[in-house]
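J.:
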Amino acid sequence: MADDSTSGFQAGQTALIVRIPEAQPAVRRWRERFDPSARAGVPAHVTVLFPFLDESRLDALVHSALAEVLGGHPAFDLRFERCGRLPGVLLLVPEPDTPLRQLTEAIADRWPEAPPYGGRFAEIVPHLTVAQGQQEAVTEEIEADLAGRLPLTSRVSSVELIVHDGVKWQERASFPLA
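Okay, here's the thing in structure tokens:
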């Protein structure tokens, strides 16, 4: 989700994510401590698009268009074999990442007013955030712990639409992939 722990979440914000339940046992305790999205109710996931449209814009036509766009992409398997880093973020690297990029690009092409991460980054880097804003020693401790829990594999067969209600993120819809 937001790779900026100071940004806070707002009621009505939406996101499209792929859940990675197989990662939850390995990353839960770290995410609950060091990832604001976990504390706000988001499970282990890879973001497809954040922020998406404001909740006030989510009507039957948007749901139908999401189903059509996402249903045109096949389900796929991801493997997480290693940790990676972005500035201030420890993450798990999904491989291959091409299907995730394609999902993001398809949604962003359909809704150009909702660029990934609000257009803050030039490149789409699919990832599963584990911790944000930690000192190097903490990051190294987490990475060492995760090294013994990887690899893991996950089947991606749907994309979830989640909405922030002002307190927590809630799932509103699930869109199956082909």
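When you number the sequence shown by the numbering used here, it's gap-free, plus one each residue, and the end is 158.
The beta carbon of each residue, even a glycine, is placed where N, CA and C say it ideally should be.
Computed from a predicted model, the values in this text were never measured in an experiment.
Suppose the cutoff is 7 Å on Cβ atoms and the five residues either side in sequence are ignored; what does the same chain contact list for Ile122 look like?
T.: Trp10, Leu70, Val110, Ala111
J.: For the stretch 32 to 44 against the stretch 73 to 82, do three or more pairs of beta-carbon atoms, one drawn from each stretch, fall closer than 8 Å, so that the two count as touching?
T.: no
J.: As a quick exercise: from Ala117, Leu38, Glu116, Ile0, pick the residue whose alpha carbon is nearest that of Thr27.
T.: Ile0
J.: Find out if the Cβ-Cβ distance for the pair Ile104, Thr(-6) is shorter than 8 Å.
T.: no
J.: Is His107 near Ala86, with beta carbons less than 8 Å apart?
T.: Not a contact, by the Cβ cut-off of 8 Å.
J.: Could you give the distance in angstroms between the alpha-carbon of Pro79 and the alpha-carbon of Val22?
T.: 21 Å
J.: Considering Cα atoms alone, identify which of His25, Arg8, Ala124, Asp77 is closest to Val139.
T.: Per the Cα distances, His25.
J.: Report the partner residues of Gly64 according to the DSSP bridge assignment.
T.: Leu71
J.: Need the endpoints of the alpha helix (DSSP H) that Trp10 sits in, please.
T.: 4 to 14
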